[in-house]
Every structure is written in structure tokens, then in C-alpha cells.
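Residue numbers (this note's numbering): 1 to 154.
Let me begin by presenting the structure, written as C-alpha cells, before commenting on it.
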Ligand code: CO
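Right under this line is the structure:
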């Protein structure tokens, strides 16, 4: 495993719509391992492909005991709502409030190409939404929640 450089806001790759992963090989496994290590090293709860310079639809999320590797992820159902503070390893020094669903059902493939589906809530749901947004070139502050809350930190 190896640490990868984290791409910072301003790099056009963060605004790209990423392409699906179609090869489930050793290179993908190494990329996911590197992303996990890079995310932990940076003390994050999620990291998406474009954040390490790979414009492909994949992301890792780790909240507490839950570690997810999501390839070609899709939110297929959601319910409820939560408003909370978000930040991003690619946008150092910024944070703001973002509204997200409280519960999401995510369909994705694992590193071997096996179809998976999981239900997540709270911070894990928030992290899944944040990372899947990255795959469409969306950054958290694009969705800043302003209604009824004072802006935080910027
Ligand atoms: Co992010």
C-alpha cells in the first residue's frame, strides 16, 4: 500500500463526471487499498477516485466500525433529512452546513465486481452522499444549507 497525493480544489478533475469502473483487477484492488490508507492517514471519513486523480466511479468510506469500498455506487433509495457540518480533504480550511438524507440505500460493486447493497444512516449516509457527489464533480459547498442557520467558518 502507498499514500497517494490528495487533489485540491481548483484542479479540474474535481469537477469532472467520472466514468464507471469496468475492470475489476489487481490494479483496482491496489487503488482501493491506497485510497483507504490515504484517507486514514489524512484522518478523513471518505475519499473518492477523483480526489486521488482517478476520474472513475469509486470511493471508500469509513465511519467507526463500518468500512465500505464502493465501486460504481448509486443511491437507490433515501429517506429523512439531516443538517450538519461537512468538510472535505480536497478543500482544506472550509466547512459548511449541508442537508442530506438521514438514511440511504446504496447499490455498488465490491473490488471483485460482486453486486452489493447496503442501508446506512447518520454520518455514514452523509459520507456516502458526499463521496458519490464527488463522482459527479459536485463539492459539498455547492450544496451549502443556508436556511435558518448561520454560516460556519467561512
Ligand atoms: Co470530499
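No residue lacks a Cβ here, since even glycine has one placed at the ideal position from N, Cα and C.
What residue ranges within the region 53-95 form continuous alpha helix (DSSP H) runs of no fewer than 4 residues, ordered along the chain?
Within the region 53-95, not a single complete alpha helix (DSSP H) segment reaches 4 residues in length.
Tell me whether residue 78 counts as near the ligand CO, meaning its Cβ is closer than 6 Å to at least one heavy atom of that ligand.
Distance from the C-beta of residue 78 to the nearest heavy atom of the ligand CO is not below 6 Å.
Candidates 105, 110 and 137, of which the one nearest residue 79 by Cα
For residue 79, the nearest C-alpha among the options comes from 105.
Rounded to whole angstroms, what is the Cα-Cα separation between residue 90 and residue 96?
Within the model, the alpha-carbon separation for residue 90 versus residue 96 is close to 14 Å.
Just to confirm, is the Cβ distance from residue 125 to residue 46 under 7 Å?
No, the Cβ-Cβ distance between residue 125 and residue 46 is not below 7 Å.
Measuring CA to CA, which of 28, 113, 61 and 62 is closest to residue 54?
Here the closest residue by C-alpha is 28.
For residue 61 versus residue 107, is the C-beta spacing smaller than 7 Å?
Between residue 61 and residue 107, the C-beta gap is not smaller than 7 Å, which leaves the two residues out of contact.
Using DSSP bridges, identify the partner residues of residue 109.
For residue 109, which the question treats as bridged, DSSP gives the partners 71 and 115.
Using only the heavy atoms of the ligand CO, determine whether one of them is closer than 6 Å to the beta carbon of residue 18.
Every heavy atom of the ligand CO is 6 Å or more from the Cβ of residue 18, so no.
DSSP-derived helix/strand/coil call for residue 39
Under the three-state reduction of DSSP, residue 39 is assigned to helix.
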